[in-house]
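Residues in the sequence shown are numbered from 1 upward in steps of one, following UniProt numbering.
Idealized CB from N, CA, C, for every residue including glycine.
Quantities reported herein were computed from a predicted structural model and do not represent experimental measurements.
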Amino acid sequence: MADAGTRLEGKIAIIIGAGQGPGEGMGNGRATALRFAREGAKVLAVDRVLPSAEETAVRVAEQGGICVPFAADATQEATLAAAIAEARSRWGRIDVLHYNVGVSIAGGDASPTEITEAAFDRICAINLRGCVMAIKHVLPVMRAQRSGSIITISSAAAKHNYPTVAYKATKAAMIAYTQQVAIQNAPYGVRANVILPGLMDTPMAVDTRARASNRSRAEVAAERNARVPLRGRMGTAWDVANAALFLASDEADFITGVALPVDGGALVNVV
Numbered sequence: 001m002a003d004a005g006t007r008l009e010g011k012i013a014i015i016i017g018a019g020q021g022p023g024e025g026m027g028n029g030r031a032t033a034l035r036f037a038r039e040g041a042k043v044l045a046v047d048r049v050l051p052s053a054e055e056t057a058v059r060v061a062e063q064g065g066i067c068v069p070f071a072a073d074a075t076q077e078a079t080l081a082a083a084i085a086e087a088r089s090r091w092g093r094i095d096v097l098h099y100n101v102g103v104s105i106a107g108g109d110a111s112p113t114e115i116t117e118a119a120f121d122r123i124c125a126i127n128l129r130g131c132v133m134a135i136k137h138v139l140p141v142m143r144a145q146r147s148g149s150i151i152t153i154s155s156a157a158a159k160h161n162y163p164t165v166a167y168k169a170t171k172a173a174m175i176a177y178t179q180q181v182a183i184q185n186a187p188y189g190v191r192a193n194v195i196l197p198g199l200m201d202t203p204m205a206v207d208t209r210a211r212a213s214n215r216s217r218a219e220v221a222a223e224r225n226a227r228v229p230l231r232g233r234m235g236t237a238w239d240v241a242n243a244a245l246f247l248a249s250d251e252a253d254f255i256t257g258v259a260l261p262v263d264g265g266a267l268v269n270v271v
């Protein structure tokens, strides 16, 4: 991770999905919390599993940053509203909302002929509806401020030939929705951009697939590495965190409505 800086000095950031699931390495949300805090932001680390958010906060504190854990469930609008209210009450403003929640195989995603109604509804609620509801509650704050940066995490899967239904559909919808938010809120000075991670070496992406397929982590990782054009290896959570940092910072002050691939060139192969 890069040395501490001041690119987010004085800014207040909410990261929804700031914990992570079981597995090796670092997840995107936790890495982003650490990266934002190292650049001077005060961070509300929101996660459905409070101990995971608390672990993120401890790691931030160990590096001298400010991070407060908060429990919220992406499928429950009231808890997302409470997270937004907590950040505003605690710090007086909200400069960045980063929606990093997503589920695929762990949520029961399946092929078009095997997907169940329950799995489809659950994945939509977590990946898409939660995003919509979080933005719903942060927009009045950012509009009143006449400033703010909203960052959502989609996936390169939105544009790839992808084997399962709900993850691809929801991640594609996130791109469209984020761009809608961008154009409708540009007059207020509120920016909205979406990141499209490719094949990443994170617990959600690799360890979940290893468990689901009853294979070793090393085998799954090697298979994924071989599919990445740039250097033949997956990206890491820090790659996503660095992209989010740029979009959250004043360096991206004239950038809104962008869908930014962080994928090692994978989408170049998609016609």
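In three-state terms, what does DSSP make of H98?
If DSSP states are grouped into helix, strand and coil, H98 belongs with the strands.
Using the beta-carbon count (16 or more within 10 Å), is L199 buried or exposed?
buried
Leaving aside the five residues before and after A57 along the sequence, list all residues of the same chain whose C-beta is less than 7 Å from its C-beta, in chain order.
A45, C67, V68 and P69
From which residue to which residue does the beta strand (DSSP E) around R191 run?
V190 to P197
DSSP beta-bridge partners for V46?
I16 and F70
Residues bridged to V262 (per DSSP)
P197
Between which residues of its own chain and S147 is the CB-CB distance below 6 Å, once the five residues before and five after are set aside?
G189
Identify every residue that forms a DSSP beta bridge with G148.
Answer is V190, bridged to G148.
Extent of the continuous alpha helix (DSSP H) run through S249:
Unbroken run through S249: none, as it is neither H nor E.
Say whether the region 245-255 touches the region 31-46, bearing in mind that this needs 3 or more beta-carbon pairs closer than 8 Å, one atom from each stretch.
Yes, since at least three Cβ pairs between the region 245-255 and the region 31-46 fall closer than 8 Å, the two stretches touch.
Would the region 147-164 and the region 262-270 be scored as touching if the rule is three or more Cβ pairs under 8 Å?
yes
Top-ranked residue by Cα proximity to R88, from H137, E114 and E77
Considering only alpha carbons, the answer is H137.
Spatially closest choice to D201 from L8, K11, G17 and G23, by CA coordinates
It is G23.
Do the region 12-23 and the region 218-225 meet, that is, are 3 or more Cβ pairs less than 8 Å apart?
no
Would you call the CB atoms of V262 and P203 closer than 8 Å?
no
From I105 to R209, what does the alpha carbon distance come to, in whole angstroms?
7 Å
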